[in-house]
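Asker:
Protein chains: 2
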Amino acid sequence: MPVDESCPVCRTADIVCGKWTLLLVRELAEGCSRFCELERSLTGISPRTLSLRLRALEEEGIVERATFPEVPPRVEYVLTPKGEALLPIIEGMRTYGQEWLGASCASEPAPREPVAA
Amino acid sequence: MPVDESCPVCRTADIVCGKWTLLLVRELAEGCSRFCELERSLTGISPRTLSLRLRALEEEGIVERATFPEVPPRVEYVLTPKGEALLPIIEGMRTYGQEWLGASCASEPAPREPVAA
DNA sequence: CAGCATCCGCCGTGATACTG
DNA sequence: CAGTATCACGGCGGATGCTG
Numbered sequence: 008m009p010v011d012e013s014c015p016v017c018r019t020a021d022i023v024c025g026k027w028t029l030l031l032v033r034e035l036a037e038g039c040s041r042f043c044e045l046e047r048s049l050t051g052i053s054p055r056t057l058s059l060r061l062r063a064l065e066e067e068g069i070v071e072r073a074t075f076p077e078v079p080p081r082v083e084y085v086l087t088p089k090g091e092a093l094l095p096i097i098e099g100m101r102t103y104g105q106e107w108l109g110a111s112c113a114s115e116p117a118p119r120e121p122v123a124a
Numbered sequence: 008m009p010v011d012e013s014c015p016v017c018r019t020a021d022i023v024c025g026k027w028t029l030l031l032v033r034e035l036a037e038g039c040s041r042f043c044e045l046e047r048s049l050t051g052i053s054p055r056t057l058s059l060r061l062r063a064l065e066e067e068g069i070v071e072r073a074t075f076p077e078v079p080p081r082v083e084y085v086l087t088p089k090g091e092a093l094l095p096i097i098e099g100m101r102t103y104g105q106e107w108l109g110a111s112c113a114s115e116p117a118p119r120e121p122v123a124a
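Each protein sequence line maps, in turn, to chains A and B.
When we follow this note's numbering, the leftmost residue of the first sequence carries the number 8, and every step to the right adds one.
When we follow this note's numbering, the leftmost residue of the second sequence carries the number 8, and every step to the right adds one.
(1) Give every residue of the same chain whose Cβ lies closer than 8 Å to the Cβ of W27/A, excluding the five residues on either side of it in the sequence, and list them in chain order.
(2) So, are the CB atoms of Y103/B and T87/A less than 8 Å apart?
(3) Within the continuous beta strand (DSSP E) that includes R72/A, where are the two ends?
(4) What residues of chain A sit near G43/B, judged by a beta carbon separation below 9 Å?
(5) By the DSSP assignment, the beta strand (DSSP E) with V78/B in it spans what residues?
(6) Please check the pair V23/B and L29/B, which I expect to be a contact at CB under 8 Å, by giving their CB distance rounded to whole angstroms.
(7) How long is the line joining the alpha carbons of D21/B and D11/B, rounded to whole angstroms?
(8) If I follow the unbroken alpha helix (DSSP H) through T2/A, where does it start and stop?
(9) Are there 16 or more other CB atoms within 10 angstroms of the CB of V78/A, so buried, or fewer, so exposed?
(10) P95/B versus chain A: which residues are under 9 Å apart at the beta carbon?
(11) I97/B and V16/B: beta carbons closer than 8 Å?
(12) V16/B CB to nearest chain A CB: under 8 Å?
(13) Which residues of the stretch 16-32 of chain B have a Cβ closer than 8 Å to any Cβ of chain A? Give them in chain order.
(14) For R41/A versus V82/A, is the C-beta spacing smaller than 8 Å?
(15) With a threshold of 8 Å between beta carbons, is A63/B in contact with chain A?
(16) Identify which residue in E65/A, E46/A, E106/A and L35/A has its Cα closest to the Cα of K89/B.
(17) From R47/B to C39/B, what does the alpha carbon distance come to, in whole angstroms?
(18) Please return the same chain residues whose Cβ sits closer than 6 Å to the Cβ of L64/B, not counting the five positions on each side in sequence.
(19) Would you identify the three-state DSSP class for V85/B, choosing helix, strand or coil?
(20) Look at the Cβ atom of E34/B, then the Cβ atom of L45/B, and state whether they are nearer than 8 Å.
(21) Could you tell me whether any Cβ in chain B is nearer than 8 Å to the Cβ of G38/A?
Below is the structure:
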């Protein structure tokens with residue numbers, strides 16, 4: 008039951024909500040492009056999940072797959088512009104995490120300007 | 008098994024990943040503050056889920072609950088600064104959704120170039 | 001109106017093993 | 001290396017019904 012398909016926030020959330028999705032996009036953005044690379048970067052992910060996420064992202068047009076029919080099979084995944092457009096969101100989350108979830112957590116009076124000045 | 012608790016992105020994602028969480032925060036930001044109001048705005052949400060999300064958000068310090076011990080019970084939920092700090096992320100997702108997912112709220116402005124890159 | 005209790009089903013995810 | 005197949009578990013979220 009998709010909350011509300013006419014809502015851009017929901018749709019983006021749907022794409023991004025997977026446990027590994029954002030991390031995957033981030034790794035891709037940082038240059039990891041091989042399956043085994045990603046597997047190592049995303050510590051703990053199972054090949055199945057990685058494969059699933061990759062495929063989903065591919066179908067969304069967020070990542071592009073390049074296959075090299077070489078002797079040692081090689082496949083590279085790269086972010087499309089649509090995928091790169093996700094980065095600001097990730098950055099926003101990183102910033103939020105740093106400013107509000109880092110040192111002084113929850114239930115605090117919470118200053119208006121945490122780290123920013 | 009929490010991906011990586013030392014990663015700000017993951018921590019934010021953990022908070023934000025609930026199906027209704029972001030919408031809830033957004034409704035709160037838009038002025039909905041009563042339980043039944045939220046229930047109506049978030050079409051389809053069950054009271055259970057709403058209650059659960061609200062409580063979780065409260066424990067995170069993202070929303071604050073104000074109880075009015077009146078004859079008709081009244082409770083108001085408001086965003087804390089920590090909750091309001093989530094808004095840019097939501098905006099980012101809305102923008103992304105509009106530009107890349109073809110979900111358009113005709114009433115909203117589109118500050119960037121859609122197919123720029 | 002506000003909110004909790006219970007039951008249940010779905011989906012994402014994890015673990016492991018196997019294939020091209 | 002780059003996946004896929006299978007099995008199973010857990011948590012989130014949905015539906016209903018009840019209480020203060």
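From the three backbone atoms N, C-alpha and C, an ideal C-beta is built for every residue, glycine too.
Answerer: Looking at the coordinates:
(1) Along the first sequence, one-based indexing puts residue 27/A at 20. L49, I52, T56, L57 and R60, listed in sequence order.
(2) On the second sequence, residue 103/B is found 96 positions in, with the first residue counted as 1. On the first sequence, residue 87/A is found 80 positions in, with the first residue counted as 1. Not in contact: Y103/B and T87/A (Cβ atoms no closer than 8 Å).
(3) The sequence position of residue 72/A within the first sequence is 65, counting from 1. From DSSP, the beta strand (DSSP E) with R72/A extends over V70 to F75.
(4) As a position in the second sequence, residue 43/B is number 36, starting the count at 1. The displayed chain sequence assigns Cys, not Gly, to residue 43/B. Result: empty, since nearest Cβ-Cβ is about 19 Å, beyond 9 Å.
(5) As a position in the second sequence, residue 78/B is number 71, starting the count at 1. Element bounds for V78/B: n/a, residue is neither H nor E.
(6) Locating residue 23/B in the second sequence gives position 16, where the first residue counts as 1. Locating residue 29/B in the second sequence gives position 22, where the first residue counts as 1. Indeed, because the Cβ distance is near 6 Å, the residues count as touching under 8 Å.
(7) Numbered from 1 along the second sequence, position 14 holds the residue referred to as residue 21/B. Numbered from 1 along the second sequence, position 4 holds the residue referred to as residue 11/B. Approximately 10 Å, taken between the alpha carbons.
(8) Residue 2/A lies beyond the range of chain A shown here (8 to 124); nothing can be said about it.
(9) As a first step, residue 78/A is located in the first sequence; it is residue number 71 there, counting from the start. Classification for V78/A: exposed.
(10) Position 88 of the second sequence, counted from the first residue, corresponds to residue 95/B. In chain order: G99, T102 and Y103.
(11) What you label residue 97/B is simply residue 90 of the second sequence in a count that begins at 1. What you label residue 16/B is simply residue 9 of the second sequence in a count that begins at 1. Going by C-beta atoms, I97/B is not nearer than 8 Å to V16/B.
(12) Position 9 of the second sequence, counting from 1, holds the residue named residue 16/B. It does; some Cβ of chain A falls within 8 Å.
(13) V16, C17, R18, T19, A20, I22, V23, C24, K26, W27, L29 and L30
(14) As a first step, residue 41/A is located in the first sequence; it is residue number 34 there, counting from the start. As a first step, residue 82/A is located in the first sequence; it is residue number 75 there, counting from the start. Yes. Within cutoff.
(15) The residue given as residue 63/B occupies position 56 in the second sequence. Judged by the 8 Å Cβ criterion, A63/B is not in contact with chain A.
(16) One-based indexing of the second sequence puts residue 89/B at position 82. It is E106/A.
(17) The count along the second sequence starts at 1 and reaches residue 47/B at position 40. The count along the second sequence starts at 1 and reaches residue 39/B at position 32. One C-alpha to the other measures close to 10 Å.
(18) To locate residue 64/B, count along the second sequence from 1; it is residue 57. Only V70 meet the Cβ criterion.
(19) Sequence index remark: in the second sequence, residue 85/B carries index 78 (1-based). It is a strand residue.
(20) Looking up residue 34/B in the second sequence gives position 27. Looking up residue 45/B in the second sequence gives position 38. Going by C-beta atoms, E34/B is nearer than 8 Å to L45/B.
(21) Mapped onto the first sequence, residue 38/A falls at position 31. No, its Cβ sits nowhere closer than 8 Å to a Cβ of chain B.
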